[in-house]
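Chemist: My questions will all concern the structure given below.
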Amino acid sequence: MTPGVQRFFEQVADAYTASPLEVLGIVLILLALLGGLVIYAVVWGRREKKHRTELAGQLYEQKSRELKLTQGQHELLKQMARYLRNPTNAYQLLTDEIAFNSSALQLRENDQATAQSIASLRIALGFQSNRSDRAPKSSTQIPAGATVLVARNRYKKPVKAKVLPPDSQSFLIRLVDEGVRVPAGAAVDIYFQNAAGVFTFRSTVLGEDGKTAKLSHSEEIKRYQKRRYYRRKMDLPVHIYPFDSDRPILSRFKDIGGGGASMLNTDGHFKEGDDLELRFTPDDEEIRLTASVMRVSEGGAVLHVNYEHIRDGLRDRIYSAIFRPPRDEQEAMEQNPGRSADPTQGTKTTR
1 MTPGVQRFFE QVADAYTASP LEVLGIVLIL LALLGGLVIY AVVWGRREKK HRTELAGQLY
61 EQKSRELKLT QGQHELLKQM ARYLRNPTNA YQLLTDEIAF NSSALQLREN DQATAQSIAS
121 LRIALGFQSN RSDRAPKSST QIPAGATVLV ARNRYKKPVK AKVLPPDSQS FLIRLVDEGV
181 RVPAGAAVDI YFQNAAGVFT FRSTVLGEDG KTAKLSHSEE IKRYQKRRYY RRKMDLPVHI
241 YPFDSDRPIL SRFKDIGGGG ASMLNTDGHF KEGDDLELRF TPDDEEIRLT ASVMRVSEGG
301 AVLHVNYEHI RDGLRDRIYS AIFRPPRDEQ EAMEQNPGRS ADPTQGTKTT R
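Going by this note's numbering, 66 is the number at position 66 of the sequence shown; the sequence numbering is gapless.
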């Protein structure tokens, strides 16, 4: 390389060599730019959070005015909002039933609100309706017109009733059975069924007016049995009529429910797929059902049948028979009048 070319490259290298002061200046400039971006992001974030909070407050105020909530209901919502991921989003409790259910559950678990106050708020927000294929969260979600059984204890026949339109202060029912009553102050268990299963809750009779009874609301609905139709072990005679014969075969139920039953297969007469008619008398009136044998078990000794085309009224009669105590329990009650028991302690079967 010639001396001239070498000097040229040295001049170029010197041009791109920075002094320590120049490097420090560049670093300070970069830090200033970075700091400015951080400050901008923080300020923008605070403004955005403030805006969202103001918007959430406006949405809450607007929706609450539409619903005409009371001061007590506002206070209850304020308590429930503490259990939201973001407590400032209280408006979610007015529009999102899932958020409402979650907060209500935590509030009840901490004994910070009564079931009655939550049920009243649920009705005010329009959350009392419930899909029939889901487990209800509250007594307010039992639809008007549904049939329920009201049991005071396991030694008395349950009272059948129809649910009346929802009321914010009480769970209203109309007694169907004649000559029965549920006295004010009595503790009762309510049983009802939808497509998701059989459910129960504890309640207290607040008052009665003829065939109409006012019960306390409940936010603690428990599943009584996870099958679609409740079943219970029951030893009850039944006459089985084959479709090709008018001569009945006497048998006995092993268990019975709203959708099917199990019974002894007398002399191994029936097999899977057979159609038959069942006649039995759990009370003063005979029940007749058509059924199909779904399977046999225990070496052909037991039939498992499903009902065909059963009416709701007939199913209600079966449930009344299920919850009515057998004779031995009635005798035990007479021998031990002071003894009490829970109707839900009956033996349940699974299949």
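Glycine included, each C-beta is placed from N, C-alpha and C at the ideal position. The structure displayed is predicted, hence computed values, not measured ones.
1. Between the Cα of GLN92 and the Cα atoms of ILE26, ALA56, THR114, GLN79, which residue gives the shortest distance?
2. In the DSSP assignment, the alpha helix (DSSP H) including ARG295 goes from what residue to what residue?
3. Which complete beta strand (DSSP E) runs does the stretch 140 to 196 hold, if anything under 3 residues is left out?
4. Would the stretch 38 to 49 count as touching the stretch 98 to 107 if we require 3 or more Cβ pairs under 8 Å?
5. For ALA124, which of helix, strand or coil comes out of DSSP?
6. Could you pull out every residue in the same chain whose Cβ sits closer than 8 Å to the Cβ of PRO326, ignoring the five residues on either side in sequence?
7. Are there 16 or more other CB atoms within 10 angstroms of the CB of VAL182, so buried, or fewer, so exposed?
8. Check for me: the alpha helix (DSSP H) holding ARG108 runs from which residue to which?
9. If you count every other CB in all the chains shown that lies within 10 Å of the CB of ASN86, and 16 or more means buried, which is it?
10. Considering only the beta carbon of each residue, do ARG122 and ALA115 sit closer than 8 Å?
11. Please classify ARG231: is it buried, with 16 or more other beta-carbons within 10 angstroms of its beta-carbon, or exposed?
12. Mind checking ASP244: buried by the 16 CB within 10 Å criterion, or exposed?
13. How about VAL212 and ARG174: do their beta carbons lie closer than 8 Å?
14. From the DSSP secondary-structure annotation, give me the bridge partner or partners of THR204.
15. With 16 as the cutoff for other CB atoms within 10 Å, does ASP189 come out buried or exposed?
16. Between GLU277 and PRO248, what straight-line distance do the alpha-carbon atoms span, to the nearest angstrom?
17. For THR385, write down the residues that DSSP places opposite it in a beta bridge.
18. Using a threshold of 8 Å, state whether the C-beta atoms of GLY145 and LYS160 are closer than that.
19. Leaving out five residues before and five after SER138 in sequence, what residues of the same chain have Cβ atoms less than 6 Å from its Cβ?
20. Cα separation between LYS222 and PRO158?
Modeler: This is what the structure gives:
1. Here residue 92 refers to the residue found at position 92 when the sequence shown is read from its first residue. Residue ALA56 is the option with its Cα nearest to GLN92.
2. Translated into positions along the sequence shown, residue 295 becomes position 295. Membership of ARG295 in any alpha helix (DSSP H) is not indicated; the residue belongs instead to the beta strand (DSSP E) covering 287 to 297.
3. The qualifying runs are 147 to 151, 159 to 163, 171 to 175, 187 to 194.
4. The stretch 38 to 49 is not in contact with the stretch 98 to 107.
5. As a working note, residue 124 is residue 124 in the sequence shown. In the three-state DSSP reduction, ALA124 falls in the helix class (H, G or I).
6. On the sequence shown, residue 326 is found 326 positions in, with the first residue counted as 1. Low per-residue confidence applies at PRO326: pLDDT is 47, beneath 50, and the placement is therefore not dependable, though the value from the model is reported in the following sentence. These residues qualify, in order along the chain: MET234, ASP235.
7. Against the sequence shown, residue 182 aligns to sequence position 182. With 16 or more Cβ atoms within 10 Å of its Cβ, VAL182 is classed as buried.
8. Residue numbering aside, residue 108 sits at position 108 when the sequence shown is read from its first letter. Per DSSP, ARG108 is one residue of the alpha helix (DSSP H) stretching across 97 to 109.
9. Numbered from 1 along the sequence shown, position 86 holds the residue referred to as residue 86. The residue in question, ASN86, is exposed, as its Cβ has fewer than 16 Cβ neighbours within 10 Å.
10. Within the sequence shown, residue 122 is the residue found at index 122, counting from 1. Within the sequence shown, residue 115 is the residue found at index 115, counting from 1. The Cβ atoms of ARG122 and ALA115 lie no closer than 8 Å to each other.
11. Against the sequence shown, residue 231 aligns to sequence position 231. So ARG231 ends up on the buried side.
12. One-based indexing of the sequence shown puts residue 244 at position 244. Taking every protein chain shown into account, the CB of ASP244 has fewer than 16 other CB atoms within 10 angstroms, so this residue is exposed.
13. As a first step, residue 212 is located in the sequence shown; it is residue number 212 there, counting from the start. As a first step, residue 174 is located in the sequence shown; it is residue number 174 there, counting from the start. Checking the sequence, you will find Thr at residue 212 rather than Val. Taking a C-beta distance under 8 Å as the contact criterion, THR212 and ARG174 qualify as a contact pair.
14. As a working mapping, residue 204 is identified with position 204 in the sequence shown. In the DSSP output, where bridge partners are listed per residue, THR204 has ALA187.
15. Working through the sequence shown from its first residue, we reach residue 189 at position 189. Result: buried.
16. Mapped onto the sequence shown, residue 277 falls at position 277. Mapped onto the sequence shown, residue 248 falls at position 248. If you draw a straight line from the Cα of GLU277 to the Cα of PRO248, it comes to about 9 Å.
17. The chain is shown from 1 up to 351; residue 385 falls before or after that span and cannot be answered.
18. The residue you call residue 145 lines up with position 145 of the sequence shown. The residue you call residue 160 lines up with position 160 of the sequence shown. Taking 8 Å as the Cβ cut-off, GLY145 and LYS160 do not qualify as a contacting pair.
19. Reading the sequence shown from its first residue, position 138 is the one you call residue 138. Contacts found: ALA119, ARG122, GLU219.
20. Within the sequence shown, numbered from 1, the residue matching residue 222 stands at position 222. Within the sequence shown, numbered from 1, the residue matching residue 158 stands at position 158. Taking the straight line from one Cα to the other gives about 18 Å.
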